[in-house]
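Position one of the sequence shown corresponds to residue 1 (full-length UniProt numbering), numbered consecutively onward. Note that CB positions come from ideal geometry on N, CA and C, so glycine has one too.
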Amino acid sequence: SQIDLVKKGDVLVAPQTNPDYVPAMKKAVAIVTEKGGRTSHAAIVSRELGIPAVVGTGNATQVLKNAQIITVNGTTGEVFAGKALITDISNHSNIKLNHHKTLTKVYVNLAEPEIANKVSMMNVDGVGLLRAEFMIAEIGTHPKEFIRQKKEQIFINHLTRDLNKFVIAFSPRPVIYRATDFKTNEYRHLKGGKDFEPQEENPMLGFRGASRYIADPHCFNMELQAIKNIWENGFQNLHLMIPFVRAPWELIKIKELVKLSGLYDYPGFKLLIMVEVPSCALNLEEFIKIGIDGVSIGTNDLTMMIMGVDRDNQEVANVYDERTPLIINILENIVSTCAKHGITSSICGQAASDYPEIVERLVKAGITSVSINPDTVDRTRDLIFQIEKKHFEFKK
């Protein structure tokens, strides 16, 4: 496929990206897509890899030609023909390394094992969202294909090896692994995927997250075994977060599966859920009663479902805004509900990296951590330091 033609130093131009593109994205110096917004796959991955991206251009593949020389400015969202003159800004970001400590923890969102070491040296308190999807995409084969061939151990060993890189780099700081949240259309891209995945009209609201683990406990168990391997090796900083939980009974079933895996035999092990479905966000106490150690708010999906807007659709992107008073009120309610019940709360959606005003409101509401992209760590730590200085002087 054309994805394989991307060489080191190329600019990757595509209609949109998905996990298949990750190997090519790692070689690219910049990414340009036709579809998607600031919470799309291309935007999220490019931030993590530290390369510029311009998304939602509408017609890049028609306007740009193969082998054409272009310059991409990810900050302004512009693409120029030829080489633009650029003043050297490479060192600016390293000038002010802040070493502030804050009451509110600053975690990072990560997915790529190869950058774990580099990011662990930053002023961060751990990994608040470790996305499984890159690691699974790198393995390349559908989990059920491993089961069909009775080769589960290969999958488990591969995942254990990747998790190890994060756990060692960040130890003793916590690493919160979010179980696989591929949607069916993304799973179909994996080798053997077409044999196992239904064709869904609307994968975003389909067979994903907690529902899948309950229907496919065997697949879920492979992930649980990889986590257990890490604990068996003596590390105590890897925890599990369940995405896309829709109903309290799902959480009950998930907890049974986790118990069967033996992970609860380790007293330090924590189970968290993503709060990203309105039925969970607006009914959080029911979930807390069942027993969880913490939550992380996935503002990307939560905003999409509350506003009724496909977050990757340019036509309606102008309606999608996490700063809407309704959304902020819901976020504050989630945080204060967690505080009331003594469990941890975090936010790992793009809003935490983009909007200081949301961070400020949630820090005041008592959020225990924020989880952000590596490129915004210093800025966010600084911001939280200022907010806490202003509001929490009396706590010290």
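For Thr-368, there is no enclosing beta strand (DSSP E), as DSSP gives it neither H nor E. The alpha helix (DSSP H) runs of length 4 or more contained entirely in the segment 125-165 are, from start to end of the chain, 133-139 and 143-148. Contact holds between the segment 358-374 and the segment 100-107, because three or more Cβ pairs, one in each stretch, are under 8 Å apart. By the Cβ rule, the segment 186-195 counts as touching the segment 142-150, because three or more pairs are nearer than 8 Å. Per DSSP, the unbroken alpha helix (DSSP H) holding Ser-120 starts and ends at 116-120. For Gly-294, the closest alpha carbon among the candidates Thr-75, Ile-168, Phe-170 and Pro-243 is that of Pro-243.
Taking all protein chains shown into account, His-239 has 16 or more neighbouring C-beta atoms within 10 Å of its C-beta and is therefore buried. Contact between the segment 326-344 and the segment 384-392 is absent: fewer than three C-beta pairs spanning the two stretches fall below 8 Å. Selection Met-241, Ser-46 and Gly-209 evaluated against Leu-129 yields Met-241 as nearest (Cα-Cα). Ranked by Cα distance from Thr-303, the first of Glu-200, Ala-84 and Ile-328 is Ile-328. In the structure shown, His-239 adopts extended strand secondary structure according to DSSP, grouped into three states. In the three-state DSSP reduction, Val-72 falls in the strand class (E or B).
If you draw a straight line from the Cα of Cys-338 to the Cα of Arg-173, it is about 22 Å long. Between Lys-228 and Leu-263, the CB-CB gap stays under 8 Å. By the Cβ-count criterion, Asp-312 is buried, with 16 or more other Cβ atoms from all chains shown falling within 10 Å of its own Cβ. In this structure, the straight-line span from the alpha carbon of Ala-24 to that of Phe-235 is close to 33 Å.
Counting along the chain, Val-106 sits inside the beta strand (DSSP E) bounded by residues 105-110. By the Cβ-count criterion, Leu-260 is exposed, with fewer than 16 other Cβ atoms from all chains shown falling within 10 Å of its own Cβ. Linking Glu-197 to Lys-390 through their CA atoms gives a straight-line distance of about 52 Å. Setting aside the 5 residues that flank it on each side, Ser-171 is surrounded in the same chain by Phe-235 and Asn-237, each with a C-beta closer than 7 Å to its C-beta; the list follows chain order. Between the segment 307-327 and the segment 272-279 there are fewer than three inter-stretch CB-CB distances shorter than 8 Å, so the stretches are not counted as touching.
Contact between the segment 178-186 and the segment 210-226 is established, with three or more Cβ pairs separated by less than 8 Å. Non-local C-beta neighbours of Ala-116 in its own chain, meaning closer than 6 Å and more than five positions away in sequence, comprise Lys-165, Phe-166 and Ala-169, ordered along the chain. Cβ neighbours of Pro-52 within its own chain (closer than 6 Å, five residues either side excluded): Ala-30, Val-72 and Gly-74. Closest option to Ile-70, judged by alpha-carbon separation, among Val-32, Glu-322, Lys-101 and Asn-59: Val-32. A direct Cα-Cα distance of roughly 34 Å separates Pro-113 from Trp-249.
Annotation for Gly-193: the continuous alpha helix (DSSP H) segment containing it runs 193-196. As the crow flies, the alpha-carbon of Asn-123 is around 15 Å from that of Val-175. By the C-beta density criterion, Glu-201 is exposed, having fewer than 16 other C-beta atoms within 10 angstroms. Under the DSSP assignment, Ala-67 falls outside any beta strand (DSSP E); it carries neither an H nor an E label. In this structure, Ile-230 lies near Leu-163, with their beta-carbon atoms less than 8 Å apart. Distances from the CA of Tyr-355 to each of Ala-84, Asn-300 and Met-307 were compared; the closest alpha carbon is that of Asn-300.
The criterion of a C-beta distance shorter than 8 Å is satisfied by Ile-156 and Gln-225. Straight across, the Cα-Cα distance linking Asp-310 with His-341 is about 33 Å. Beta-bridge partners assigned by DSSP to Glu-78: Asn-73. Per DSSP, reduced to three states, the secondary structure at Arg-361 is helical.
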